[in-house]
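Residue numbers (my numbering): 612 to 951.
Given below as structure tokens:
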């Protein structure tokens with residue numbers, strides 16, 4: 612669940628904002644370090660330590676996002692990966708590691724004692740659901756549409772009045788807030804913070820999780836997290852490492868270029884298309900495929916498409932020969948047309 616929250620934050624930044632980040636687990640390390648210090652050293656309650664850690668992650672993400680104002684593509688990816696390496700070194704040595712407490716106690720929330728693993732499981736599940744809901748709301752909002760516009764065409768978005776600097780920094784801030792909140796939960800889950808849990812390899816693994824699930828959707832990112840969880844649980848040894856790193860990722864992306872999320876959407880469309888055929892409902896978005904349209908012609912005909920009432924009616928014209936009889940004083944006229 613915690614990795615799922617980090618993957619969702621990566622979808623916001625990379626999938627919607629178009630900013631490649633290979634050091635996203637380092638933002639989770641910022642949240643874990645801040646939460647551990649505030650809860651273990653300053654003895655702040657859980658409900659204050661986690662938001663403070665999330666804000667710290669957002670602030671660091673904004674500083675990291677300042678590099679995105681000048682760097683693009685692989686250069687930005689290399690910069691974020693370097694940030695992940697620096698963060699791992701700071702935690703491993705006495706630069707930041709000396710401030711970490713030896714033990715981080717789990718909180719007591721109302722009547723929920725999170726010392727039990729099952730109770731903390733439900734807490735992480737609720738946090739994942741909250742992150743999902745927040746990301747879905749962001750996608751439907753104006754900010755989400757602006758992020759998509761900036762990703763697709765920066766010049767067109769700027770022509771419509773979009774501030775690219777503010778939008779890019781907002782994407783880093785929102786993504787860093789989500790990733791740091793996940794890192795804070797990870798600190799309470801492990802009851803301590805160790806440098807080995809936030810290595811650059813973890814950042815690359817999170818990026819692969821988002822890629823294999825599909826960067827364009829939240830559901831696809833979570834399917835990618837489920838894929839790696841299933842592989843880690845059922846397959847062990849060298850085969851498990853290959854399926855979770857190189858061969859498995861290449862096979863999935865070769866079969867499904869859009870990731871596992873595209874497979875889920877294809878299954879949904881297939882079910883809806885079959886229902887539409889049986890009920891003879893015309894849905895253009897479902898029958899845009901040529902194969903689907905060909906299969907539709909072999910079935911019962913669909914209900915006729917509704918006609919617009921205000922559409923003008925075509926009235927045919929009829930030609931009438933002019934009369935040969937002339938009246939005195941009357942002017943000769945040409946052929947006459949009558950309608951009706």
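Glycine included, C-beta positions come from ideal geometry on N, C-alpha and C. No experiment lies behind these values; they were computed from the predicted model shown.
Extent of the continuous alpha helix (DSSP H) to which residue 715 belongs: Position 104 of the chain shown holds residue 715. From DSSP, residue 715 is part of no alpha helix (DSSP H); its letter is neither H nor E.
Whether residue 871 touches residue 825 by CB criterion (8 Å): Against the chain shown, residue 871 aligns to sequence position 260. Against the chain shown, residue 825 aligns to sequence position 214. Note that the C-beta distance between residue 871 and residue 825 is below 8 Å.
Rounded separation between residue 912 and residue 829 - CA only: What you label residue 912 is simply residue 301 of the chain shown in a count that begins at 1. What you label residue 829 is simply residue 218 of the chain shown in a count that begins at 1. The predicted model places residue 912 with a pLDDT of 47, which falls under 50 and marks its position as unreliable, so this point remains unresolved.
Cβ contact check for the segment 728-740 and the segment 789-806: 3 or more pairs under 8 Å: They touch, by the three-pair rule.
Closest by C-alpha distance to residue 787, when choosing among 636, 615, 627 and 626: As a position in the chain shown, residue 787 is number 176, starting the count at 1. Among 636, 615, 627 and 626, the Cα nearest to that of residue 787 is on 636.
Distance CB(residue 596)-CB(residue 821) smaller than 8 Å: The structure shown does not extend to residue 596, since the chain is modelled only from 612 to 951, so the question has no answer here.
Touch test, the segment 629-649 against the segment 707-722, Cβ-Cβ under 8 Å, three pairs minimum: Note that the segment 629-649 touches the segment 707-722; at least 3 beta-carbon pairs, one per stretch, sit closer than 8 Å.
C-beta atoms of residue 768 and residue 761 nearer than 8 Å: Along the chain shown, one-based indexing puts residue 768 at 157. Along the chain shown, one-based indexing puts residue 761 at 150. In this structure, residue 768 lies near residue 761, with their beta-carbon atoms less than 8 Å apart.
Straight-line Cα distance separating residue 785 from residue 755: Looking up residue 755 in the chain shown gives position 144. Looking up residue 785 in the chain shown gives position 174. Using only the alpha carbons, I get a separation of about 11 Å.
Residue 810, DSSP secondary structure in three states: Here the question's residue 810 lines up with position 199 in the chain shown. In this structure, residue 810 counts as coil in the three-state DSSP scheme.
Exposure label - residue 614; buried when at least 16 CB within 10 Å: Taking the first residue of the chain shown as position 1, residue 614 is located at position 3. Per the 10 Å Cβ criterion, buried.
Delimiting residues of the alpha helix (DSSP H) encompassing residue 728: The residue you call residue 728 lines up with position 117 of the chain shown. Under the DSSP assignment, residue 728 falls in the alpha helix (DSSP H) whose first and last residues are 728-751.
Alpha-carbon spacing of residue 655 relative to residue 717, whole angstroms: For this step, residue 655 is matched to residue 44 along the chain shown. For this step, residue 717 is matched to residue 106 along the chain shown. C-alpha separation (whole angstroms): 12 Å.
Limits of the unbroken alpha helix (DSSP H) element including residue 623: Looking up residue 623 in the chain shown gives position 12. Segment: none, residue 623 is in no alpha helix (DSSP H) and carries neither H nor E.
Residue span of the alpha helix (DSSP H) that contains residue 680, given as start and end: Working through the chain shown from its first residue, we reach residue 680 at position 69. For residue 680, there is no enclosing alpha helix (DSSP H), as DSSP gives it neither H nor E.
Short Cβ contact (8 Å threshold) for residue 817 with residue 627: Walking along the chain shown from the start, residue 817 turns up at place 206. Walking along the chain shown from the start, residue 627 turns up at place 16. With a cutoff of 8 Å on beta-carbon distance, residue 817 and residue 627 are scored as not near each other.
CB-CB length for residue 633 against residue 679, believed under 8 Å: For the purposes of this step, residue 633 is identified with residue 22 of the chain shown, where counting begins at 1. For the purposes of this step, residue 679 is identified with residue 68 of the chain shown, where counting begins at 1. Contact between residue 633 and residue 679 is absent: CB atoms are separated by about 13 Å, not below the 8 Å threshold.
C-beta contact flag for residue 676 and residue 779 at 8 Å: Locating residue 676 in the chain shown gives position 65, where the first residue counts as 1. Locating residue 779 in the chain shown gives position 168, where the first residue counts as 1. Judged by their CB atoms, residue 676 and residue 779 are nearer to each other than the 8 Å cut-off.
Range of the contiguous alpha helix (DSSP H) that encloses residue 797: For the purposes of this step, residue 797 is identified with residue 186 of the chain shown, where counting begins at 1. In this chain, the alpha helix (DSSP H) harbouring residue 797 covers 775-801.
Candidates 812, 658 and 869: closest to residue 691 by CA position: Against the chain shown, residue 691 aligns to sequence position 80. Answer by Cα proximity: 812.
Residues of its chain near residue 673, where Cβ-Cβ distance is below 8 Å and the 5 sequence neighbours each way are ignored: Position 62 of the chain shown, counted from the start, is the residue given in the question as residue 673. These residues qualify, in order along the chain: 780, 783, 784 and 787.
Reduced DSSP secondary structure (H/G/I, E/B, other) of residue 876: Taking the first residue of the chain shown as position 1, residue 876 is located at position 265. Annotated three-state conformation of residue 876 is helix, per DSSP.
Residue 653, DSSP secondary structure in three states: Counting from 1 along the chain shown, the entry for residue 653 is found at position 42. The DSSP-derived three-state label of residue 653 is coil.
Pair within 8 Å by beta-carbon distance, residue 793 and residue 651: In the chain shown, residue 793 corresponds to position 182, counting from 1. In the chain shown, residue 651 corresponds to position 40, counting from 1. Cβ distance not < 8 Å, so residue 793 and residue 651 don't count as in contact.
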